[in-house]
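The sequence shown begins at 842 in the numbering used here and counts up by one. All residues carry an ideal CB built from backbone N, CA and C; glycine is no exception. A quick note: this is a predicted structure, and the numbers were derived from the prediction, not measured. Comments concern the structure below.
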Amino acid sequence: MSINKKEKYQIAVIGGGPGGYVAAIKAAQLGADVVLIEKDKIGGTCLNWGCIPTKALVRSAEVYTHLLEADNFGISAENISVEMPKVIKRKDKIVNRLVKGVEHLLKANEIEVIKAKAMLIDEHKIMLKQGEQQAEITADNIIVATGSQNSELNIPGISLSGVIDSKAALDLEELPESLVVVGGGVIGMEFAFIYANLGVKVTVLEFLDQLVPGVDEEVAKELDRSARRRKIKIKTEARVSEIKETDSGLQVNYIYKEKEKSVASEKVLIAVGRKPYHAELGLEKIGIATEERRGGILVNEKLQTKHDHIYAIGDVTDKILLAHVASHQGIVAANNIMGNEMKMDYSAVPGAIFTSPEIGTVGLSEKEAKAKNIDYQVGYFPFAASGKVMAMGEREGKVKLISRKDNDQLIGAALIGIHASDLIAELTLAVQQKLKVEELVETIHAHPTTSEVIYEAALDLKGGAIHYNGR
Ligand code: NAD
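Pasting the structure below:
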């Protein structure tokens, strides 16, 4: 049986992650004849080894911590324990269901899916390899959506058993007693909270002077406090130099303010970033340029490479490495191919970090507003002052809104607190649509809901919050 059903397609999408599969579905909806080529699993990193499986683990850890605190809610719960094989089985079940769901959608949209490794032969021809089998197809248009891979850390001891990456961290059938996380970025902090909430002693070693670099400093500080409250040890400005095996496990050596320090641990998770992935794709053969330092494929606003009919989307473009950015890029590329001109705008990209509590961000941080010489003002509201938050037994976090002084436009928001990853949607719409704070204030927010924290922070910018006067 041959790998492919046809020899020629209107659009070939290489890579089946949230960039590639969304582009394929959109293009098919617009009437294109589409083939999607994926060498591994449909859904890519996000569905199989990233966003979704981590959220399943976050939920298990959350249920466990709620049960430990059940007494606070007037509920008695005894003999509570974590059974990791069951936690992992649940996670796998969710992932498999979602992957099957996407496969079904591709089929329903009459997209041919080929499980093979794709290599560009020329500007229209693609070689497909599946085990011993090979085939060649041609496409009028090509969308490269091959994603990203973990950045490596070149230090002695990196290959020792017990040193794991984010993929292996999803499948620890036995909880380690202790875990050192190298890298206090998004992946590092999500795992730090998952494992700390499951009862593991966690230490985070971050190279820079703040956690989750790029996120508003005040919110990052609040995250630091929340981490310490959960007994996560945080060491910033720590440069990891070596990992050693000892009689009792592993030892991570790091330099802090020119002094050598070390921390012992059973396992070490490396989470020092991700970089574009396009190995063996053959970009150089057809003259597609990549950025020198990190290797991202260079594209214009319409996501075209140097060749008008070859597009690149998602992490491989190294713009903003987020699934929802990849999906939006997929929609833009598909529309451009089908004759509806669209351009990418990265000014209102929401960020959601699933720590405890969660973080949501959109638009400019205060540092960015300052750097752009914008005359801005800041409004705040603490989650602890919300009735709903109190009723839920929570109290951590705050909202921070940034608006222009000259025209009242909301230009940035950062929040840390319960539901922050969902609450950011309202603020994303506001930043994207260039709404004024006045318009947020004119909008009635349902009571009692967590969304009121946004309303109150907006009121803070307009003369004062109603339910807080602690500024
Ligand atoms: P990241 O860039 O967010 O964080 C990596 C961190 O490692 C940085 O803080 C960096 O300073 C630190 N670091 C680098 N070298 C180090 C060293 N030698 N010692 C100590 N610290 C070191 O990258 P990530 O957390 O690996 O995530 C990769 C990508 O995936 C990111 O672009 C992220 O946006 C995306 N992602 C997003 C989410 C989400 O939005 N919820 C979740 C997971 C991943």
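Measuring straight from C-alpha to C-alpha, what distance separates residue i and residue j?
{"i": "Glu-993", "j": "Gly-1055", "result": "21 Å"}
{"i": "Ser-901", "j": "Lys-966", "result": "46 Å"}
{"i": "Leu-961", "j": "Val-876", "result": "15 Å"}
{"i": "Gly-1024", "j": "Ile-1111", "result": "7 Å"}
{"i": "Lys-1334", "j": "Asp-963", "result": "Within the shown structure, residues of the chain are numbered from 842 to 1312, placing residue 1334 beyond reach of any answer."}
{"i": "Lys-867", "j": "Gly-1171", "result": "8 Å"}
{"i": "Val-1043", "j": "Leu-1064", "result": "15 Å"}
{"i": "Asn-991", "j": "Asn-950", "result": "32 Å"}
{"i": "Asp-1012", "j": "Thr-886", "result": "15 Å"}
{"i": "Arg-931", "j": "Glu-924", "result": "11 Å"}
{"i": "Gly-884", "j": "Tyr-862", "result": "7 Å"}
{"i": "Ile-1200", "j": "Arg-1069", "result": "16 Å"}
{"i": "Glu-1031", "j": "Leu-1276", "result": "32 Å"}
{"i": "Ile-1005", "j": "Asn-1310", "result": "47 Å"}
{"i": "Leu-871", "j": "Leu-947", "result": "14 Å"}
{"i": "Ile-1154", "j": "Val-1041", "result": "38 Å"}
{"i": "Ala-853", "j": "Pro-894", "result": "28 Å"}
{"i": "Thr-1131", "j": "Glu-1078", "result": "31 Å"}
{"i": "Ile-955", "j": "Val-943", "result": "14 Å"}
{"i": "Val-899", "j": "Ser-1019", "result": "18 Å"}
Can you tell which of the options has the C-alpha that lies nearest to the C-alpha of residue i?
{"i": "Val-928", "options": "Val-943, Lys-896 and Arg-938", "result": "Lys-896"}
{"i": "Gly-1093", "options": "Leu-969, Gly-1311 and Val-1045", "result": "The amino acid at residue 1093 is misidentified as Gly; the sequence shows Val. Of the listed residues, the one whose Cα sits closest to Val-1093 is Val-1045."}
{"i": "Arg-1135", "options": "Ile-1285, Arg-1115 and Ala-1261", "result": "Arg-1115"}
{"i": "Lys-1074", "options": "Arg-1080, Leu-1049 and Val-1104", "result": "Val-1104"}
{"i": "Glu-1121", "options": "Ile-855, Arg-1245, Ile-921 and Tyr-850", "result": "Ile-855"}
{"i": "Gly-1304", "options": "Phe-1222, Lys-941 and Gly-1234", "result": "Phe-1222"}
{"i": "Lys-1147", "options": "Lys-934, Ile-983, Gly-858 and Thr-886", "result": "Ile-983"}
{"i": "Leu-1163", "options": "Glu-1132, Met-1179, Leu-1013 and Thr-1202", "result": "Thr-1202"}
{"i": "Arg-1071", "options": "Glu-903, Gly-1220 and Gln-1218", "result": "Glu-903"}
{"i": "Cys-892", "options": "Gly-858, Ala-864 and Glu-1014", "result": "Gly-858"}
{"i": "Glu-1279", "options": "Thr-1291, Ser-1262, Ala-1298 and Ala-1266", "result": "Ala-1298"}
{"i": "Gln-971", "options": "Gly-1253, Thr-979, Ile-844 and Tyr-1296", "result": "Ile-844"}
{"i": "Ala-1266", "options": "Lys-1098, Arg-1245, Lys-1211 and Val-1190", "result": "Val-1190"}
{"i": "Ile-1028", "options": "Ala-864, Ile-1194, Leu-871 and Thr-1077", "result": "Ile-1194"}
{"i": "Ala-1037", "options": "Gln-1250, Asp-1088, Asn-913 and Pro-1017", "result": "Pro-1017"}
{"i": "Val-1157", "options": "Leu-1052, Asp-1149 and Ser-1168", "result": "Ser-1168"}
{"i": "Ser-989", "options": "Lys-846, Glu-1059, Gly-1192 and Lys-1160", "result": "Lys-1160"}
{"i": "His-1260", "options": "Glu-1283, Lys-1184, Lys-1085 and Phe-1224", "result": "Phe-1224"}
{"i": "Arg-1245", "options": "Glu-1235, Ser-1262 and Lys-1213", "result": "Lys-1213"}
{"i": "Asp-874", "options": "Ala-1287, Ala-1175, Asn-1248 and Leu-1251", "result": "Ala-1175"}
{"i": "Arg-1269", "options": "Glu-1283, Gly-1253, Val-1282 and Gly-1258", "result": "What sits at residue 1269 in the sequence shown is Thr, not Arg. Here the closest residue by C-alpha is Gly-1253."}
{"i": "Ile-996", "options": "Met-1185, Arg-1080 and His-1288", "result": "Arg-1080"}
{"i": "Glu-1086", "options": "Gly-915, Glu-1209, Glu-919 and Ser-1002", "result": "Ser-1002"}
{"i": "Ile-1151", "options": "Ile-916, His-1165, Gly-1128 and Glu-973", "result": "Gly-1128"}
Beta carbon of residue i, beta carbon of residue j: below 7 Å?
{"i": "Lys-1143", "j": "Asn-1181", "result": "no"}
{"i": "Gln-1145", "j": "Asp-981", "result": "no"}
{"i": "Ala-959", "j": "Gly-860", "result": "no"}
{"i": "Val-1021", "j": "Val-1113", "result": "no"}
{"i": "Thr-1315", "j": "Phe-1034", "result": "As shown, the chain starts at 842 and ends at 1312. That puts residue 1315 outside it, with no answer to give."}
{"i": "Gly-1090", "j": "Glu-1101", "result": "no"}
{"i": "Ile-1301", "j": "Gly-1228", "result": "Position check: residue 1301 holds Asp in this sequence, whereas Ile was assumed. Not a contact, by the Cβ cut-off of 7 Å."}
{"i": "Lys-1241", "j": "Ala-1226", "result": "no"}
{"i": "Glu-879", "j": "Ile-978", "result": "no"}
{"i": "Val-940", "j": "Leu-908", "result": "no"}
{"i": "Gly-1137", "j": "Pro-1198", "result": "no"}
{"i": "Ser-922", "j": "Asp-1057", "result": "no"}
{"i": "Val-1272", "j": "Gly-1204", "result": "yes"}
{"i": "Tyr-1217", "j": "Ile-1243", "result": "yes"}
{"i": "Ile-1084", "j": "Gly-998", "result": "yes"}
What three-state label does DSSP hand residue i in the structure shown?
{"i": "Gln-1274", "result": "coil"}
{"i": "Ser-1106", "result": "strand"}
{"i": "Arg-1115", "result": "strand"}
{"i": "Pro-894", "result": "helix"}
{"i": "Ala-1153", "result": "strand"}
{"i": "Gly-1204", "result": "strand"}
{"i": "Tyr-1309", "result": "coil"}
{"i": "Thr-1077", "result": "coil"}
{"i": "Lys-882", "result": "coil"}
{"i": "Ile-866", "result": "helix"}
{"i": "Pro-1223", "result": "strand"}
{"i": "Lys-1211", "result": "helix"}
{"i": "Gly-1192", "result": "strand"}
{"i": "Ala-853", "result": "strand"}
{"i": "Ile-1295", "result": "helix"}
{"i": "Gln-975", "result": "strand"}
{"i": "Lys-1143", "result": "coil"}
{"i": "Tyr-1097", "result": "strand"}
{"i": "Ser-992", "result": "coil"}
{"i": "Arg-1245", "result": "strand"}
Under a CB-based cut-off of 7 Å, is residue i close to chain C?
{"i": "Leu-909", "result": "Although the question refers to chain C, the structure presented lacks it and comprises just one protein chain."}
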